[in-house]
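Participant: First the structure, then my questions, so here it is.
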Amino acid sequence: MADLRRLLYRGYFPINVPQPFSTTDFARLLSDGTKTHRGFLRPTDPGAREKYELAEHNLARVGQLRRVLGIPNPVPFYTLAMDICANWSAIDRELNRGSLSVSRPIPVTRGARAFAAYAGFPDRGRIRARRRVGFRYVLFADVQKFYPSVYTHAAPWALHTKAVAKQRRNDRTLLGNRLDGWIRDAQDAQSVGLPIGPDTSWILSELVLTGVDRILEKRLSNLVGIRSVDDYELYFRTPGEAEEALAILQTALAVYGLALNQHKTRIENLPVPLEDTWPMKLRDLRMRRGPVAQISDLLAYFSNAFELAQQHPTASVLRFALSRVRRVPLHGTSWQTFQDLLFQCAVAEPGTLQYVLATLRRWQRLGHAVDADRFQETVAEIIGKHLPLAHGSEVAWALWASVALAIPLVKAVIKNLPRTTDPLVPILALHAESIGLAPGLNKARWQKLVVEDELYGPNWLLVYEGTQRNWLSPGPADPIKKHRAFKHLRSNKVSFYRSNASAEYIPPWRRSLGLPQLIGYGL
């Protein structure tokens, strides 16, 4: 069974946000699913507003177009999560009706998220090897912009069939209709797109694509292949069979209002590689003990990593390289060279900043001084480049690194921070200012957002946390007091930000693989 507390704790905020952003308190308070909580989160007052907007956080992706994560308001997210958990048996039964998915979500009691994929990354090469036996051709197909383009109405279509869902579109006794409604409540009534990040969206995406799989299986006898989220890999004995399957797949997707990405759809002769081969070239980590030899080994290792990163511009080479070298024993004379290499990685690929920060914080805790001047230069370069482009994840991680290492921001960075449009960056900037790392920070623009309407908008987290921690003034009108849900959260000491979070923590799946992906989102 799906556990509500774990879904609220591990399945709400995207895994890619800095460690201080947490839903631990939220899960602790609301996981019992009582009618009291249900009533306070679903306003019943005449004319009460129930539509909320997503907080959107712009995420860096290696060598690719960026991904916009969606953080739902806690009010509609809670009702969605509660309905999914209460009806998990029915949802799981539908997910098990298809045979292709290796990314089907399974509830877990341990790990970084509330759900784990049916087959993790280490298992997929083995599954490919077994299912490809006896076939000569493979069809690779990718759904075009699945998360931004899928209809929320596709949930009831998948659960109840399209005909039934349309005939009973206002029938709230249908689970699919309720799920559709909760999703739209979280995104200002929009019926196109799912927020990227929460586990709830992964579950709904699998429901829809399992419906597509079942159409394929009905029309193609003895279909063999795998689907990983929205990527298909189907095996055939002749080119004609593959071409027929491609046409049927396009038709099946169209039933759900989806289409293929033509640039990533192709038919190839087998055999083709089962896995990426570049990680093998970084697994032989040789680090001698002598100071001169160790510096030489560090330079050789990172030179290899930099070369592989150039050869594989869309792969997470540097993140993998950093995950391998985080805990190697270092000679004191190697520390400065190691830092210089870490700072190069942070600038070259800002998505590595979490690994750079974890490594620096670990060695700082062990008594090694971080080069503050070089660090400030690195942070200034990252924020100076990415803040004007509205690249929220790079700026957020750079700010959190400064806070975690207790290194002040330079004046130029402090001056430009109020220009951000990202909902997470102001909270980190206010935290930095509160502990003396961002003196003179201009908070006027953010203070103007402390109004009740913003609790329904993309800045709900800023208004709630800012006033909760006295980083912003609630004013005489105090919007939290006027909103029954947020008032209840504040009275129960719920916070969505942990100022004492560990900067060294990296979820186990990321430590072992060095991958930026979260199963379900291809991040």
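The opening residue of the sequence shown carries number 853 in the working numbering; numbering runs sequentially from there. In this text, a Cβ means the ideal position worked out from N, Cα and C, and glycines have one as well.
If we call anything under 7 Å between Cβ atoms a contact, is Ala1392 one with Ile1119?
Facilitator: This structure leaves residue 1392 out entirely; the chain is present only between 853 and 1375.
Participant: Could you give the C-beta distance for Phe1088 and Tyr989, rounded to a whole number, given that I count them as a contact under 8 Å?
Facilitator: To locate residue 1088, count along the sequence shown from 1; it is residue 236. To locate residue 989, count along the sequence shown from 1; it is residue 137. The Cβ separation is near 5 Å, so the contact holds.
Participant: When the Cα atoms are used, what is the spatial distance from Ile1147 to Thr1189?
Facilitator: Residue numbering aside, residue 1147 sits at position 295 when the sequence shown is read from its first letter. Residue numbering aside, residue 1189 sits at position 337 when the sequence shown is read from its first letter. Distance between the alpha carbons of Ile1147 and Thr1189 is about 7 Å.
Participant: Below 7 Å CB to CB, which residues in the same chain sit around Arg1297 once its five sequence neighbours on both sides are set aside?
Facilitator: Translated into the one-based positions of the sequence shown, residue 1297 becomes position 445. For Arg1297, where only same-chain residues beyond five positions count, the Cβ hits under 7 Å are Pro1270.
Participant: I'd like to know whether the C-beta of Pro866 is nearer than 7 Å to at least one C-beta of chain C.
Facilitator: Protein chain content of the structure displayed is limited to a single chain, and chain C is not contained in it.
Participant: What span of residues does the alpha helix (DSSP H) with Tyr861 cover, start to end?
Facilitator: In the sequence shown, the residue the question calls residue 861 occupies position 9. Element bounds for Tyr861: 856 to 862.
Participant: Classify Phe878 as helix, strand or coil using the three-state DSSP reduction.
Facilitator: In the sequence shown, counting from the first residue as 1, residue 878 sits at position 26. Helix.
Participant: Taking buried to mean at least 16 other C-beta atoms within 10 Å of its own C-beta, is Asp1192 buried or exposed?
Facilitator: The sequence position of residue 1192 within the sequence shown is 340, counting from 1. So Asp1192 ends up on the exposed side.
Participant: Kindly indicate which three-state DSSP category Leu1126 falls into: helix, strand or coil?
Facilitator: As a working mapping, residue 1126 is identified with position 274 in the sequence shown. Coil at Leu1126, not helix or strand.
Participant: Answer yes if the segment 1022 to 1037 comes into contact with the segment 995 to 1009, meaning at least three C-beta pairs across the two stretches below 8 Å, and no otherwise.
Facilitator: Short answer: they touch.
Participant: Which runs of the alpha helix (DSSP H) fall wholly inside the segment 1287 to 1368 and span at least 4 residues, in chain order?
Facilitator: Correct list: 1296 to 1299, 1312 to 1320, 1331 to 1334, 1336 to 1343, 1360 to 1365.
Participant: Looking only at DSSP bridge pairs, what is Ser953 linked to?
Facilitator: Residue 953 sits at position 101 when you count from the first residue of the sequence shown. According to DSSP, Ser953 bridges with Arg1079.
Participant: Residue range of the alpha helix (DSSP H) that Val1064 falls in?
Facilitator: On the sequence shown, residue 1064 is found 212 positions in, with the first residue counted as 1. Note, Val1064: alpha helix (DSSP H), 1051 to 1071.
Participant: Would you call Ile958 buried or exposed, if buried means 16 or more other Cβ atoms sit within 10 Å of its Cβ?
Facilitator: Within the sequence shown, numbered from 1, the residue matching residue 958 stands at position 106. It is exposed - the Cβ of Ile958 has fewer than 16 other Cβ atoms within 10 Å.
Participant: With three or more C-beta pairs closer than 8 Å as the rule, is the segment 931 to 943 touching the segment 1328 to 1344?
Facilitator: These segments do not touch.
Participant: In angstroms, rounded to a whole number, what distance separates the CA positions of Gln1228 and Arg1213?
Facilitator: Counting from 1 along the sequence shown, the entry for residue 1228 is found at position 376. Counting from 1 along the sequence shown, the entry for residue 1213 is found at position 361. Each residue's alpha carbon lies about 15 Å from the other.
Participant: Quick one: what's Gly922 bridged to in DSSP?
Facilitator: In the sequence shown, counting from the first residue as 1, residue 922 sits at position 70. Answer is Glu908.
Participant: Looking at the structure shown, is Val1044 part of a helix, part of a strand, or coil, going by DSSP?
Facilitator: Reading the sequence shown from its first residue, position 192 is the one you call residue 1044. If DSSP states are grouped into helix, strand and coil, Val1044 belongs with the strands.
Participant: Are Arg1140 and Asp1149 close, meaning C-beta to C-beta below 7 Å?
Facilitator: Taking the sequence shown and counting its residues from 1, the one referred to as residue 1140 is at position 288. Taking the sequence shown and counting its residues from 1, the one referred to as residue 1149 is at position 297. In contact: Arg1140 and Asp1149 (Cβ atoms closer than 7 Å).
Participant: Would you kindly check if the distance between the Cβ of Ser874 and the Cβ of Arg1350 is under 7 Å?
Facilitator: Within the sequence shown, residue 1350 is the residue found at index 498, counting from 1. Within the sequence shown, residue 874 is the residue found at index 22, counting from 1. Yes.
Participant: Grab me the residues of Pro1143's own chain with a C-beta within less than 7 Å of its C-beta, minus the 5 sequence neighbours each way, in chain order.
Facilitator: Position 291 of the sequence shown holds residue 1143. His1183, Thr1185, Ser1186, listed in sequence order.
Participant: Ala1010 and Gly1063: beta carbons closer than 7 Å?
Facilitator: Here residue 1010 refers to the residue found at position 158 of the sequence shown. Here residue 1063 refers to the residue found at position 211 of the sequence shown. Yes, the Cβ-Cβ distance between Ala1010 and Gly1063 is below 7 Å.
Participant: Who are the near neighbours of Thr1230 in its chain, counting only those whose CB is closer than 7 Å to its CB and skipping five residues on each side?
Facilitator: Numbered from its first residue, the sequence shown carries residue 1230 at position 378. Closer than 7 Å at the Cβ level, and outside the excluded window around Thr1230, lie Phe1195, Ala1198, Val1199.
Participant: My output table needs one value for Leu1269: the three-state DSSP class, helix, strand or coil.
Facilitator: As a working mapping, residue 1269 is identified with position 417 in the sequence shown. The answer is helix: DSSP assigns Leu1269 an H, G or I state.
Participant: Can you list, in chain order, the residues of its chain with a C-beta nearer than 6 Å to that of Arg858? Leave out the 5 residues immediately preceding and following it.
Facilitator: Position 6 of the sequence shown, counted from the start, is the residue given in the question as residue 858. Ala966.
Participant: Taking 8 Å as the cut-off, does the segment 922 to 934 touch the segment 979 to 996 (at least 3 CB pairs, one atom from each stretch)?
Facilitator: No: the two stretches stay apart, fewer than three of their Cβ pairs being nearer than 8 Å.
Participant: What's the call for Ala1221, buried or exposed, on a 16-neighbour Cβ count within 10 Å?
Facilitator: As a first step, residue 1221 must be located in the sequence shown, where it is residue number 369. Label assigned to Ala1221: exposed.
Participant: Mapping DSSP to helix, strand and coil, what is Phe1190?
Facilitator: Numbered from its first residue, the sequence shown carries residue 1190 at position 338. Correct three-state label for Phe1190: helix.
Participant: Report the residue ranges of all beta strand (DSSP E) runs contained in full by the segment 937 to 1022; include only those spanning at least 3 residues, in chain order.
Facilitator: Those beta strand (DSSP E) runs which fall completely within the segment 937 to 1022 and span 3+ residues are 957 to 959, 967 to 969, 989 to 994.
Participant: Just curious, the alpha helix (DSSP H) that Glu1246 is in, first and last residue?
Facilitator: The sequence position of residue 1246 within the sequence shown is 394, counting from 1. Counting along the chain, the alpha helix (DSSP H) containing Glu1246 begins and ends at 1244 to 1257.
Participant: Can you give me the C-alpha to C-alpha distance between Ala1097 and Leu1075, rounded to a whole angstrom?
Facilitator: On the sequence shown, position 245 is the one that residue 1097 refers to. On the sequence shown, position 223 is the one that residue 1075 refers to. Near 9 Å, if we compare the C-alpha coordinates of Leu1075 and Ala1097.
Participant: Less than 7 Å between the beta carbons of Glu905 and Pro1310, yes or no?
Facilitator: Translated into the one-based positions of the sequence shown, residue 905 becomes position 53. Translated into the one-based positions of the sequence shown, residue 1310 becomes position 458. Contact flag set, yes.
Participant: Please report the distance separating the alpha-carbon of Leu1046 from that of His1243.
Facilitator: Counting from one through the sequence shown, the residue named residue 1046 turns up at place 194. Counting from one through the sequence shown, the residue named residue 1243 turns up at place 391. Distance between the alpha carbons of Leu1046 and His1243: 20 Å.
Participant: Taking buried to mean at least 16 other C-beta atoms within 10 Å of its own C-beta, is His1115 buried or exposed?
Facilitator: In the sequence shown, counting from the first residue as 1, residue 1115 sits at position 263. By the 10 Å Cβ count, His1115 comes out exposed.
Participant: Specify, as a first and last residue, the run of the beta strand (DSSP E) that Asn1121 falls within.
Facilitator: One-based indexing of the sequence shown puts residue 1121 at position 269. Asn1121 -> beta strand (DSSP E) spans 1118 to 1121.
Participant: Could you compute how far the alpha carbon of Gly1203 sits from the alpha carbon of Gly1288?
Facilitator: If you number the sequence shown from 1, residue 1203 lands on position 351. If you number the sequence shown from 1, residue 1288 lands on position 436. Computed Cα separation, rounded: 26 Å.
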